[in-house]
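Shown next, in structure tokens, is the structure this report addresses.
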Amino acid sequence: MNARVAGFPIYTLVMAGVALIVFIGIPLTTNSFQTFQFANVAAFVIAIVGLNILTGYSGQISLGNGAFMAVGGYTTALLAAKWPLPFIGFVPYGYTIPLAGLVAALLGFLIGIPALRLRGIYLALATFALALAVTPVLNNYDGFTGGHAGVFMKSATPPFGLDLSNDQWLYFMCWAIAAILYVPAFLMLRSRTGRAWMAIRDSETAAVSSGISLAYYKTLAFGISAFYAGIAGSLFVINNAYVDPDSYSLALSLTLLIGLVIGGLANVWGPILGGLLVVWLPYFAEKSAGFRLGPISLGGKPDIEFGIVLILIVFFAPNGLTGLIGRGIRWYRSKRDAGRGAAPLPAPAVLEEATQGGEPSEIIG
Amino acid sequence: MIELVSGNPVQAFVQQVVSGLASGAVYASLALSLVLIYRAMDVANFAQGEMAMFSTFIAYALITGFHLPYLIAFALTIAISFGGGVLIERVVIRPFEGSSVLTLVIVTLALFSIVNGTAGLIWGYVFKTFDSPFQFGAVHFQGLYIGYQDLGIIGVTLVVLALVFVFFRYTKLGLAMRAASLYPEASRLLGVRTGWMLAFGWGISAAVGAVSGMMIAPVVFLDPGFMQPVLLFAFVGAVLGGIESPLGAVVGGVLVGVLLALLGTYVPGGENLRIAMGLVVIVAVLLIKPAGLFGRSEVRRV
Chain A
3 MNARVAGFPI YTLVMAGVAL IVFIGIPLTT NSFQTFQFAN VAAFVIAIVG
53 LNILTGYSGQ ISLGNGAFMA VGGYTTALLA AKWPLPFIGF VPYGYTIPLA
103 GLVAALLGFL IGIPALRLRG IYLALATFAL ALAVTPVLNN YDGFTGGHAG
153 VFMKSATPPF GLDLSNDQWL YFMCWAIAAI LYVPAFLMLR SRTGRAWMAI
203 RDSETAAVSS GISLAYYKTL AFGISAFYAG IAGSLFVINN AYVDPDSYSL
253 ALSLTLLIGL VIGGLANVWG PILGGLLVVW LPYFAEKSAG FRLGPISLGG
303 KPDIEFGIVL ILIVFFAPNG LTGLIGRGIR WYRSKRDAGR GAAPLPAPAV
353 LEEATQGGEP SEIIG
Chain B
279 MIELVSGNPV QAFVQQVVSG LASGAVYASL ALSLVLIYRA MDVANFAQGE
329 MAMFSTFIAY ALITGFHLPY LIAFALTIAI SFGGGVLIER VVIRPFEGSS
379 VLTLVIVTLA LFSIVNGTAG LIWGYVFKTF DSPFQFGAVH FQGLYIGYQD
429 LGIIGVTLVV LALVFVFFRY TKLGLAMRAA SLYPEASRLL GVRTGWMLAF
479 GWGISAAVGA VSGMMIAPVV FLDPGFMQPV LLFAFVGAVL GGIESPLGAV
529 VGGVLVGVLL ALLGTYVPGG ENLRIAMGLV VIVAVLLIKP AGLFGRSEVR
579 RV
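See below:
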């Protein structure tokens, strides 16, 4: 297993190849509804990566990231289909995606400022109120937002004459954006910034005495988290070609938290599992137990299953599914190495954990 | 809820304050149930509103399904809610005692999800009406119209608050429960079964919450989401009064009720903005006076 090609272990290359084949194979082999659902997975992955930065790494509990998704989603819908800009007219949906992220990020910074003084349960309460406030506020300013009736957009069609169905195009676009956004998140978490966030999460007092600026890093986490949520919200609206205030109920914010915790808090790969789960678990629950669901999995959810899975995960696997898988791999490796008679030092696993710093032994609030 | 007849602005104002007191009483009792749990284990129970919603549905089922008279259904619901609260603490919460804030928040949110889903599964998502136990009509007093319903809600809430106060102040069990939440170690050494005290705390809290649900249900419609705004306003009230203080929760809840009634009258579009107003009050209180009106400021030892 020590053979390498171009510096990478063969094992890693094989896994990457398999992942690539699965990734390209999904939209070619599934029906259009399933492809569409997998496009929504990508949007959820992006939103959960954002929540992971805020709650998983910097330790600020947010029950309100759905509000940032609402801002992103409405930025896209209003610019692309309701309010033509002077001289430009309706903005093509592709350009609204980064704008949605930026507008949401601005709101995130603004909310991050009062949030500086709130910690633990108080921040959870304030963001809970934020999540509940979204729908009525959107309904109240119906002249601007379109109110209950929502905003319809033209469905997104593949550009450059690509020979893809609409759903396949959405799938590739969403996953391409998810991949692009994964890189800076990955790098940030391994940099000075990421270490500062984790230091704040583990002990604010210790972090401050090491010269970390709480104000800077905490609002930064809010802003970046909101940016990711805004992009995700925008992609959702593009996927569905429709937006209305009821899409942004408390349930959406809770769904993000559920996906994050089940996938694995403060784990780089957790959001992918979390995204898959929050989109597909309702679907399978509906199929298996006859749960009544709306046309989109956002509407009605099998709340009971999610609740039970959540409690079991927090109790038996506080590091989520990724933590569980990681534990399985380490167990397998130690078995294998012990069988070979290699030095049965637990050092590599411990070292790995320490340098990644990503897996707290317990969820930290 | 009450028709405004008089053109006198002072009278109109007083009228709104009075009707705010009634909804404030409901927020106060749910806020009290939140504070009871917060004092016992330092967690804001996000499932409190859903538990009260479920209790109200039980009352609804007892009245419409089993045709029980209101008073008997009321008493039975409170007893069932107490049992349910104890059971939830024993089964769901106990494994997480002493966990971090984030873990406890997640567990109560999971509970929120389970209770909400179960109610939806049993009773569906169609709005239902919950008949008021109080007569239709109003008392006329100095040009004010005070509905029997409002008076009833205020009266029932006062009785509940008095009972809770007497229980914690003058009974041995109440004393043991206070001791268990203030000095768990010492209480255990003195023979208090602190684990069970916590479970009773959840039971009492669920029972008080059930009353708030049954009081507000005739005013709004009954569906699995109907307690969510009430929970938010109860949180606002608890934070306003100081989340550690039972008296603060009651005063805060009533203030929030009055504030919202005035907001609905004097601010255009105020009805839709009620929840946003709750957000503003929470943030403002936490920024200006984080301990709330009646709370002690937190001392943190490093």
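Protein chains in written order, with our numbering: chain A, 3 to 367; chain B, 279 to 580. Even for Gly, the Cβ is constructed at its ideal location relative to N, Cα and C.
Residue from B/Ile384, B/Ala388, B/Thr355, B/Val437 whose Cα sits closest to the Cα of A/Pro304: To locate residue 304 of chain A, count along the first sequence from 1; it is residue 302. Measuring from the Cα of A/Pro304, the nearest candidate turns out to be B/Ala388.
The beta strand (DSSP E) enclosing B/Ile424, as first and last residue numbers: As a working note, residue 424 of chain B is residue 146 in the second sequence. Here the beta strand (DSSP E) through B/Ile424 covers 422-425.
Selected residue, minimal CA-CA separation from B/Ala306, among B/Met455, B/Glu549, B/Val528, B/Ala562: Looking up residue 306 of chain B in the second sequence gives position 28. Of the listed residues, the one whose Cα sits closest to B/Ala306 is B/Val528.
Identity of the residue in B/Ala485, B/Gly298, B/Leu551, B/Val313 nearest B/Leu518 by Cα: Counting from one through the second sequence, the residue named residue 518 of chain B turns up at place 240. Of the candidates B/Ala485, B/Gly298, B/Leu551, B/Val313, the one whose C-alpha sits nearest the C-alpha of B/Leu518 is B/Val313.
Of the listed residues A/Leu314, A/Met200, A/Ile226, A/Gly325, nearest to A/Ile214 (C-alpha basis): Residue mapping note: residue 214 of chain A aligns to position 212 of the first sequence, counting from 1. The candidate whose alpha carbon is nearest that of A/Ile214 is A/Met200.
Meets three-Cβ-pair contact criterion under 8 Å: the region 130-148 of chain A and the region 59-66 of chain A: Of all C-beta pairs linking the region 130-148 of chain A to the region 59-66 of chain A, three or more are shorter than 8 Å, placing the two stretches in contact.
Proximal residues to B/Met492 (C-beta, below 6 Å), its chain only, five neighbours per side dropped: On the second sequence, position 214 is the one that residue 492 of chain B refers to. Cβ within range, chain order: Thr334, Ala337.
Inside the region 496-556 of chain B only - alpha helix (DSSP H) runs reaching at least 4 residues: 506-519, 524-544
Supposed contact pair A/Ile240 and A/Thr78 - C-beta distance, whole angstroms, cut 8 Å: Locating residue 78 of chain A in the first sequence gives position 76, where the first residue counts as 1. Locating residue 240 of chain A in the first sequence gives position 238, where the first residue counts as 1. About 6 Å separates the two Cβ atoms, so the contact holds.
Start-to-end residues for the alpha helix (DSSP H) that takes in B/Val651: Only positions 279 to 580 of chain B appear in the structure, and residue 651 of chain B is not among them; the question remains open.
Option in B/Pro496, B/Met475, B/Ser465, B/Gly542 with minimal Cα separation from B/Leu365: Locating residue 365 of chain B in the second sequence gives position 87, where the first residue counts as 1. Of all alpha-carbon atoms in B/Pro496, B/Met475, B/Ser465, B/Gly542, the one lying nearest the alpha-carbon of B/Leu365 is that of B/Met475.
contact_flag[the region 260-278 of chain A, the region 136-146 of chain A] where n(CB pairs < 8 Å) is 3 or more: no
B/Leu387 at chain A interface by Cβ criterion, 8 Å: What you label residue 387 of chain B is simply residue 109 of the second sequence in a count that begins at 1. Yes - at least one Cβ of chain A is within 8 Å of the one on B/Leu387.
Residue span of the beta strand (DSSP E) that contains B/Val247, given as start and end: With chain B represented from 279 up to 580, any question about residue 247 of chain B goes unanswered, as that position is not in the structure.
Secondary structure of A/Leu134, DSSP reduced to three states: Counting from one through the first sequence, the residue named residue 134 of chain A turns up at place 132. The answer is helix: DSSP assigns A/Leu134 an H, G or I state.
Cβ distance (whole Å) where A/Leu278 is taken to contact A/Val43 below 8 Å: Residue numbering aside, residue 278 of chain A sits at position 276 when the first sequence is read from its first letter. Residue numbering aside, residue 43 of chain A sits at position 41 when the first sequence is read from its first letter. With 8 Å as the limit, A/Leu278 and A/Val43 qualify as a contact, their Cβ atoms being about 6 Å apart.
For B/Pro411 and B/Ala300, the rounded distance between their alpha carbons: For the purposes of this step, residue 300 of chain B is identified with residue 22 of the second sequence, where counting begins at 1. For the purposes of this step, residue 411 of chain B is identified with residue 133 of the second sequence, where counting begins at 1. Cα to Cα, B/Ala300 sits roughly 15 Å from B/Pro411.
Inside the region 306-332 of chain A only - beta strand (DSSP E) runs reaching at least 3 residues: none
For B/Glu328 and B/Asn394, believed in contact at Cβ under 8 Å, the rounded distance: For this step, residue 394 of chain B is matched to residue 116 along the second sequence. For this step, residue 328 of chain B is matched to residue 50 along the second sequence. The Cβ separation is near 5 Å, so the contact holds.
Uninterrupted alpha helix (DSSP H) stretches inside the region 168-194 of chain A (no shorter than 4 residues): 168-191
Neighbourhood of A/Gly276 by C-beta distance below 7 Å, restricted to the same chain and skipping five residues each side: Counting from one through the first sequence, the residue named residue 276 of chain A turns up at place 274. So the list reads Ile50, Gly261, Leu262, Ile264, Gly265, once near-sequence residues are dropped.
Interface residues of chain B facing A/Leu252 [CB-CB closer than 7 Å]: Reading the first sequence from its first residue, position 250 is the one you call residue 252 of chain A. Those within 7 Å of A/Leu252 in chain B are Gln506.
Contact with chain B by A/Ile298, beta-carbon distance below 8 Å: Translated into positions along the first sequence, residue 298 of chain A becomes position 296. In this predicted model, A/Ile298 has a pLDDT of only 34, less than 50, meaning its place in the structure is not dependable enough to derive any value.
Assumed close pair A/Phe46, A/Val281 - CB separation to whole angstroms, cut-off 8 Å: Taking the first sequence and counting its residues from 1, the one referred to as residue 46 of chain A is at position 44. Taking the first sequence and counting its residues from 1, the one referred to as residue 281 of chain A is at position 279. At roughly 6 Å, the Cβ-Cβ gap stays under 8 Å, so A/Phe46 and A/Val281 are in contact.
Rounded straight-line distance, which links the Cα of A/Val20 to that of A/Tyr59: Looking up residue 59 of chain A in the first sequence gives position 57. Looking up residue 20 of chain A in the first sequence gives position 18. A straight line joining the alpha-carbon of A/Tyr59 with that of A/Val20 spans about 29 Å.
Chain A residues whose Cβ lies nearer than 7 Å to that of B/Pro373: In the second sequence, residue 373 of chain B corresponds to position 95, counting from 1. Going along chain A in sequence order, the residues near B/Pro373 (Cβ under 7 Å) are Phe317.
4-residue-minimum alpha helix (DSSP H) runs that sit fully inside the region 436-470 of chain B, ordered along the chain: 450-460, 462-467
Close beta carbons around B/Val470, own chain, < 7 Å, minus the five adjacent residues each side: Residue 470 of chain B sits at position 192 when you count from the first residue of the second sequence. Hits under 7 Å: Ala454, Ala457, Ala458.
Whole-angstrom distance between A/Trp85 and A/Val93, CA atom to CA atom: Here residue 93 of chain A refers to the residue found at position 91 of the first sequence. Here residue 85 of chain A refers to the residue found at position 83 of the first sequence. Near 9 Å, if we compare the C-alpha coordinates of A/Trp85 and A/Val93.
Rounded C-alpha distance that separates B/Gly542 from B/Phe291: As a working mapping, residue 542 of chain B is identified with position 264 in the second sequence. As a working mapping, residue 291 of chain B is identified with position 13 in the second sequence. Approximately 12 Å between the Cα atoms of the pair.
Exposed unless 16 or more other CB atoms sit within 10 angstroms - verdict on A/Thr159: Residue 159 of chain A sits at position 157 when you count from the first residue of the first sequence. When all chains shown are included, A/Thr159 counts as exposed.
From A/Gly91, A/Ile12, A/Pro100, A/Gly122, residue whose alpha carbon lies closest to that of A/Gly231: Along the first sequence, one-based indexing puts residue 231 of chain A at 229. Here residue 231 of chain A is Ala; the residue named in the question, Gly, does not match the sequence. That would be A/Pro100, whose Cα lies nearest to the Cα of A/Ala231.
C-beta contact flag for B/Leu551 and B/Gly298 at 8 Å: Within the second sequence, numbered from 1, the residue matching residue 551 of chain B stands at position 273. Within the second sequence, numbered from 1, the residue matching residue 298 of chain B stands at position 20. Taking 8 Å as the Cβ cut-off, B/Leu551 and B/Gly298 do not qualify as a contacting pair.
Contacts of B/Asn262 in chain A (Cβ-Cβ under 9 Å): No answer is possible for residue 262 of chain B: the residues shown for chain B start at 279 and end at 580.
Identified DSSP bridge partners for A/Tyr244: Against the first sequence, residue 244 of chain A aligns to sequence position 242. In the DSSP output, where bridge partners are listed per residue, A/Tyr244 has A/Phe154.
Proximal chain A residues relative to B/Val561, where beta-carbon distance stays under 7 Å: As a first step, residue 561 of chain B must be located in the second sequence, where it is residue number 283. What B/Val561 touches in chain A: Pro116, Ala128.
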